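Undergrad: Before I ask anything, here is the structure I am working with.
In my numbering, the protein residues as written are 10 to 563.
Pasting the structure below:
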């Protein structure tokens with residue numbers, strides 16, 4: 010086991026929690042040691058509290074294991090291309106609301122980060138936090154200038170806990186890939202790397218401040234959204250100070266109505282903000298959690314948490330607009346073409362069946378008015394096809410889908426007739442027209458021409474090297490084999506068992522010959538060498554039988 014000594018206690022706790030929630034078979038396949046609930050006791054407890062599905066039990070596991078695993082589950086919930094829908098639904102329920110930590114700890118961190126006493130920094134600092142989460146909590150404060158600010162303070166030591174858990178997750182992922190070959194299709198190590206990158210970005214409050222400034226610049230002059238100001242002189246990697254937003258949470262419908270705000274306008278404004286981020290800015294809020302979005306006077310929307318963001322490359326944005334318009338126009342060939350060009354479906358072997366499945370989705374919504382079509386349902390259907398054909402989405406593509414689904418869900422709570430597809434149509438069309446802009450086409454032709462010229466310049470040298478390799482007899486053909494990993498592992502395991510059996514048989518035969526010839530010293534008139542041989546053969550034989558029984562393959 011490659012786990013470091015300092016990680017063994019945490020590893021044992023993780024394994025025990027998995028066992029307690031009924032994941033014995035998974036642990037058995039990993040050959041993991043755990044001190045959890047025995048199968049029989051787990052079965053009794055399950056009957057007593059009602060049957061829970063595997064996705065529900067996995068959610069409970071993540072919640073029990075704490076902040077790192079809650080965040081990991083949230084990242085997994087944004088990957089519908091590899092995680093089944095029932096797991097996505099459960100993991101989306103994960104909340105990182107945790108008890109607040111003592112004010113003295115927050116005060117100590119602020120003073121250590123800003124290098125001066127709190128009394129010199131703020132005119133007042135509320136001891137009771139306005140919000141508490143697994144990574145940080147937020148306190149309201151007043152500056153000597155009289156400005157109200159929100160101070161986000163990182164939990165002391167949470168970065169070390171997360172780094173330790175990331176290390177354990179990496180080892181777990183590596184173990185899963187080795188012991189469960191079919192898991193390699195989903196790249197567990199890649200998922201952990203993606204998660205590590207995401208959560209490290211969230212832990213860096215300077216980076217979050219830069220995200221806020223970037224959004225503030227993008228939306229300057231846009232009346233439907235307000236982005237708070239960052240106070241850079243009071244911001245460090247573990248302390249973030251921004252303008253305090255005195256608004257109403259977008260989910261608090263009763264207070265919105267009492268304040269006389271227009272729910273329809275709020276829903277439309279929210280949709281326009283997300284669509285502008287995706288289709289125009291190509292820089293979007295990847296986790297627009299409704300609890301972190303406020304509404305101010307005149308239906309102005311003010312988001313306050315920018316820890317998780319995503320960027321969209323220009324070519325991906327182009328294909329996204331093509332996919333969107335193909336859906337609106339019920340164009341199956343156009344949709345498949347854009348998916349293949351994007352790289353999502355370039356490895357589809359049965360293109361005909363793929364087209365049939367895509368056509369089934371489009372025909373299901375054909376003839377329905379746009380306000381009766383939920384973009385969340387369409388995305389879920391498309392993700393089902395993505396899983397069925399084992400396709401891979403570009404980085405951030407699934408996060409865009411999640412952001413659009415959250416926006417639509419919140420919007421329809423406020424205004425049930427919200428038509429996000431109709432709102433999105435002009436954005437997609439403008440992006441598509443921009444794609445065919447003459448100046449852009451000339452620029453792309455210039456780039457293509459430069460790349461072609463570089464290729465032609467290097468071609469003679471490349472050909473010379475290839476022919477030199479052929480003349481030396483070192484030329485080999487490389488063939489790609491897919492889906493053979495499981496077969497190779499099984500053959501390796503079988504050959505090891507056969508070798509083991511041959512050694513045992515040799516020990517038995519050799520010991521029998523020694524008994525016949527009575528060679529060497531004796532013990533109670535039995536040759537000692539022969540007795541040792543029989544003893545070794547017995548131990549190895551029992552070991553082999555146990556291994557075969559544990560693998561459940563006789």
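Where is the CB? At the ideal position from N, CA and C, for every residue including glycine.
If you're wondering where the values come from, they're calculated on a predicted model, not measured in any experiment.
(1) Does the segment 127–134 come into contact with the segment 78–92, if we say contact requires no fewer than three beta-carbon pairs (one atom in each stretch) closer than 8 Å?
(2) Which residues bound the alpha helix (DSSP H) around residue 283?
(3) Kindly indicate which three-state DSSP category residue 312 falls into: helix, strand or coil?
(4) Hey, how far is the Cα of residue 228 from the Cα of residue 89?
(5) Whose C-beta lies closer than 8 Å to the C-beta of residue 100 among residues of the same chain, with five residues either side of it excluded?
(6) Is residue 293 near residue 319, with beta carbons less than 9 Å apart?
(7) State the DSSP-derived secondary structure class of residue 291, mapped to helix, strand or coil.
(8) Can you tell me the Cα-Cα spacing of residue 541 and residue 517, whole angstroms?
(9) Going by the CB atoms, is the gap between residue 246 and residue 213 shorter than 9 Å?
(10) What do you reckon, are the CB atoms on residue 427 and residue 277 nearer than 9 Å?
(11) Are the CB atoms of residue 365 and residue 310 within a distance shorter than 9 Å?
(12) Got a sec: does the ligand SAM put a non-hydrogen atom nearer than 8 Å to the Cβ of residue 373?
(13) What's the gap between the Cα of residue 226 and the Cα of residue 120?
(14) Do the CB positions of residue 138 and residue 147 come within less than 9 Å of each other?
(15) Give a yes or no on whether the C-beta atoms belonging to residue 299 and residue 415 are separated by under 9 Å.
(16) Could you tell me whether the segment 254–266 touches the segment 280–287, where touching means 3 or more Cβ pairs closer than 8 Å?
(17) Determine, using beta carbons only, whether residue 523 and residue 536 come nearer to each other than 9 Å.
(18) Would you call residue 204 buried or exposed, if buried means 16 or more other Cβ atoms sit within 10 Å of its Cβ?
(19) Bridge partners for residue 150 per DSSP, in chain order?
(20) At the level of alpha carbons, what is the spacing between residue 508 and residue 554?
(21) State buried or exposed for residue 303, treating a residue as buried only when at least 16 other CB atoms are found within 10 Å of its CB.
(22) By how many angstroms is the C-alpha of residue 477 removed from the C-alpha of residue 466?
(23) Which first and last residues belong to the alpha helix (DSSP H) in which residue 321 is found?
(24) Going by C-alpha to C-alpha distance, which of 141, 181, 208 sits closest to residue 169?
(25) Tell me the DSSP secondary structure of residue 302 in three-state form.
(26) Inspect the beta-carbon positions of residue 17 and residue 28 and report whether they are closer than 9 Å.
(27) Give the DSSP-derived three-state secondary structure of residue 163 in the structure shown.
(28) Which first and last residues belong to the beta strand (DSSP E) in which residue 144 is found?
(29) Touching or not, the segment 416–426 and the segment 381–389, by the rule of three or more beta carbon pairs under 8 Å?
(30) Out of 315, 143, 178, 326, which has the shortest C-alpha to C-alpha gap to residue 220?
(31) Would you please state the rounded distance, in angstroms, between the beta carbons of residue 430 and residue 272? I believe it to be under 8 Å.
(32) Below 8 Å on the Cβ atoms is my guess for residue 94 versus residue 373; work out the distance and round it to an integer in Å.
(33) For residue 77 and residue 359, I'd like the C-alpha separation in whole angstroms.
TA: Per the coordinate set shown:
(1) no
(2) 272–285
(3) strand
(4) 30 Å
(5) 64, 67, 68, 71, 82, 83, 85, 86, 92
(6) yes
(7) coil
(8) 10 Å
(9) yes
(10) yes
(11) no
(12) Annotation note on the ligand SAM: not contained in the displayed structure, which lists no ligands.
(13) 30 Å
(14) yes
(15) yes
(16) In short, these stretches do not touch, since the Cβ pair count stays below three.
(17) Taking 9 Å as the cut-off, the Cβ atoms of residue 523 and residue 536 count as close.
(18) buried
(19) Beta bridge pairing from DSSP links residue 150 with 134, 158.
(20) Spanning the two alpha carbons is a distance of roughly 14 Å.
(21) buried
(22) 19 Å
(23) No alpha helix (DSSP H) contains residue 321, which DSSP labels as neither H nor E.
(24) 208
(25) Here residue 302 sits in strand by DSSP.
(26) No, Cβ-Cβ distance for residue 17 and residue 28 is not below 9 Å.
(27) strand
(28) Per DSSP, residue 144 belongs to no beta strand (DSSP E) and is neither H nor E.
(29) Verdict: yes, contact present.
(30) 315
(31) Contact flag wrong, Cβ pair sits at about 19 Å.
(32) In this structure residue 94 is not in contact with residue 373, their Cβ atoms being roughly 16 Å apart against a cut-off of 8 Å.
(33) 40 Å
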